[in-house]
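Just so we're aligned, residue 0 is where the sequence shown starts under numbering that gives the first Met the number 0, counting upward by one. C-beta: ideal position from N, C-alpha, C; glycine also. Below: the structure, in structure tokens.
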Amino acid sequence: MRVRCSHSMLWGGRVMNWFIGITIVTLASGWIGAGVNELLGQPNSVDSLGSLIWLTTPFVLVVVARVTKQVSAPGRWSPRFKQSWKWYVLALLVYPAICVFSSVAGVGSGIATFNGIGLGALSGAVAVPFIAMFVKNICEESVWRGFFVGEMDRRASDWLVYAISGGVWGLWHLPYYLFFLPEEQMRTVMDVSRPVFALLACGVMVLWGVLFAELFRLAGSIWPLVLLHAVEDVTVNPLVMEGHLVIRPGFEWLISPVVGILPALCLCGLGLALRWYRVNRVRGSESSPRSSSLPGVSEPVKQGSAG
0 MRVRCSHSML WGGRVMNWFI GITIVTLASG WIGAGVNELL GQPNSVDSLG
50 SLIWLTTPFV LVVVARVTKQ VSAPGRWSPR FKQSWKWYVL ALLVYPAICV
100 FSSVAGVGSG IATFNGIGLG ALSGAVAVPF IAMFVKNICE ESVWRGFFVG
150 EMDRRASDWL VYAISGGVWG LWHLPYYLFF LPEEQMRTVM DVSRPVFALL
200 ACGVMVLWGV LFAELFRLAG SIWPLVLLHA VEDVTVNPLV MEGHLVIRPG
250 FEWLISPVVG ILPALCLCGL GLALRWYRVN RVRGSESSPR SSSLPGVSEP
300 VKQGSAG
């Protein structure tokens, strides 16, 4: 006999306990890392042991949970190129477009100057960091989207998915901004105290998370998100930190592609547009209007095998 496994059966007990546990340890990892540095007498930096603990702990937790079959959602490692090619194209173009938007809006309004960069220098400056960021973001996206969005998909409202996945993603960065990020780099982006910068950056990340979650749900794979995240790392940050876009002090919160509210709202708006497309594309079909591309958690399973 075959039965359909209900959402509540799958989203309870062991799976819920692991989800909560991974969330708590993930949020604590950066603070633990900073504490380890303090005990060892090491300065906090991106090259410290504490930073390594912060960066790798969420990925290790998710790997352990998957290997020991403590989670129910698949990892979505298949690239799905044939079905999802357009989402790869979107992932490649989104952040360069945001950089153009910030530059044009800033220069046009008189609150920024653009110093430019040659295409030859740009390709050389991006190639090697892109490879490193791509590898780094395999670890990150297998956690933020592959685990958090994947486990909540079809079990929680879209708004709860955005709040939890984006909130954990943002709050996980809090110790990075408070301890590990070099202060000179932070002040290149925005000349404020670390706590102010951290709160603004984490809030922006929650808005970004809407786009990341929806792109993942449409693509049904983590790889477009790895690409999106890597492109963000090698375009948005260097544009400001390397002095190509210089924003007048006091206006960074508005227009900066790193921490600016207008670029973040544009990305959030794009994410909501993708949500509208996803919901309306599958309306009237047998697929869940929450995620038609992701493998369903309510697929038929043998009786007694739920959980």
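Within the DSSP secondary-structure output, T55 pairs in no beta bridge.
With contacts defined by Cβ atoms closer than 8 Å, N43 and A33 form a contacting pair. For Y276, the number of other beta carbons within 10 angstroms of its own is below 16, and it is reported as exposed. Per DSSP, reduced to three states, the secondary structure at A72 is coil, with no helix or strand assignment. Around the beta carbon of P223, 16 or more other beta carbons lie within 10 angstroms, which makes this residue buried. The beta-bridge partner set that DSSP reports for F113 consists of L244. Under the three-state reduction of DSSP output, L180 falls in the coil class, being neither helix nor strand.
Judged by their CB atoms, G29 and Y161 are not nearer to each other than the 8 Å cut-off. A contact is defined here as three or more CB-CB pairs under 8 Å, and the stretch 101-120 meets this definition with respect to the stretch 244-256.
In this model, Q41 and P194 are separated by some 21 Å (Cα to Cα). With a threshold of 16 other beta carbon atoms within 10 Å, V66 falls short and is exposed.
Ranking S255, G74, R13 by CA distance to the CA of M189 puts S255 first. Under the 8 Å Cβ criterion, the stretch 46-65 does not count as touching the stretch 198-218, having fewer than three qualifying pairs.
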